[in-house]
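J.: If you read the sequence shown in this note's numbering, its first letter stands for residue 39, the second for the next number, and so on. Built from N, CA and C at the ideal position, the CB exists for glycine as well.
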Amino acid sequence: MNVKEIKEIIGEKKGVELLQTIASLFPNEVVFSTSFGIEDQVITEWIGKNNINIEIFTLDTGRLFKETYSLWSRTLERYQLPIKTYTADTTLLEDFISRKGPNSFYESVENRKECCRIRKIEPLQRAIKGKKNLGNGHPIRSIHQSPRYGLYRIR
Numbered sequence: 039m040n041v042k043e044i045k046e047i048i049g050e051k052k053g054v055e056l057l058q059t060i061a062s063l064f065p066n067e068v069v070f071s072t073s074f075g076i077e078d079q080v081i082t083e084w085i086g087k088n089n090i091n092i093e094i095f096t097l098d099t100g101r102l103f104k105e106t107y108s109l110w111s112r113t114l115e116r117y118q119l120p121i122k123t124y125t126a127d128t129t130l131l132e133d134f135i136s137r138k139g140p141n142s143f144y145e146s147v148e149n150r151k152e153c154c155r156i157r158k159i160e161p162l163q164r165a166i167k168g169k170k171n172l173g174n175g176h177p178i179r180s181i182h183q184s185p186r187y188g189l190y191r192i193r
């Protein structure tokens, strides 16, 4: 299925109907990335209350605010949905922190990029491996297929 066909099927659908349609087009292949922002919480509620077959995941960088962890816990309690968690590879992270320190990403762009690769990029690649669709909590403006990962990104 190509982007044009997906757009035709989706049409003007929004909200729950849109999520249900996407999940039915790609059974067991749709993932939703949450960072627990307000838009993400709305989508999580739609998925949970309507029993939509979309896997929810998050990236735990190890540097999230206390409030984020609290909201995460409340979200788990409220919706009774698993939120698959991806973290940095411990060997890579331990090596990075041992060599450069826990706050080295403040010191240079190079350190920031390395830290981001370890804490965000590599875990995200694991999260989307084998999936066809990736969504986040932003309003849908476009659908395109990523040449790098071969998945559809609904934005």
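Does DSSP classify Ser111 as helix, strand or coil?
T.: Reduced to three states, the DSSP call for Ser111 is helix.
J.: Which two residues bound the contiguous beta strand (DSSP E) that contains Phe134?
T.: Per DSSP, Phe134 belongs to no beta strand (DSSP E); it is in the alpha helix (DSSP H), Thr128 to Lys138.
J.: Rounded to the nearest angstrom, what separates Ile60 and Gly86 at their Cα positions?
T.: Cα to Cα, the separation comes out at about 15 Å.
J.: Who are the near neighbours of Glu43 in its chain, counting only those whose CB is closer than 6 Å to its CB and skipping five residues on each side?
T.: Cβ within range, chain order: n/a, list empty.
J.: Which class does Ile90 belong to by DSSP, given the choice of helix, strand or coil?
T.: Of the three classes helix, strand and coil, the one that applies to Ile90 here is coil, per DSSP.
J.: Could you tell me if Arg179 is buried or exposed, where buried requires 16 or more neighbouring beta carbons within 10 angstroms of its beta carbon?
T.: Residue confidence is low: Arg179 scores 48 on pLDDT, short of 50, so the model does not pin down where it sits. No coordinate-derived value is stated.
J.: Less than 8 Å separating the beta-carbons of Thr113 and Gln163?
T.: In this structure, Gln163 does not lie closer than 8 Å to Thr113 by Cβ.
J.: Closest to Ser108 by CA distance: which of Ile135, Asp127, Glu50 and Gly75 is it?
T.: When each option's Cα is compared against that of Ser108, the closest is Gly75.
J.: What is the residue span of the beta strand (DSSP E) that Ile48 lies within?
T.: Not the beta strand (DSSP E): Ile48 falls in the alpha helix (DSSP H), residues Val41 to Ile48.
J.: Measuring alpha carbon to alpha carbon, tell me which residue in Ser142, Ile92, Asp127 and Gln58 is nearest Asn66.
T.: When only C-alpha atoms are compared, the closest one is Ile92.
J.: Counting only the same chain and skipping the five closest in sequence on each side, list residues whose C-beta sits under 6 Å from that of Cys90.
T.: In the sequence as displayed, the identity of residue 90 is Ile instead of Cys. Excluding sequence neighbours, Ile90 sits near Leu57, Gln58 and Ala61.
J.: Expressed to the nearest angstrom, what Euclidean distance is found between the alpha-carbon atoms of Val41 and Glu115?
T.: Each residue's alpha carbon lies about 36 Å from the other.
J.: Can you tell me which of the three DSSP states Leu119 falls into?
T.: Residue state, collapsed to three classes: coil.
J.: Does Ile47 pass the burial test, meaning 16 or more other C-beta atoms within 10 Å, or should it be called exposed?
T.: Label assigned to Ile47: exposed.
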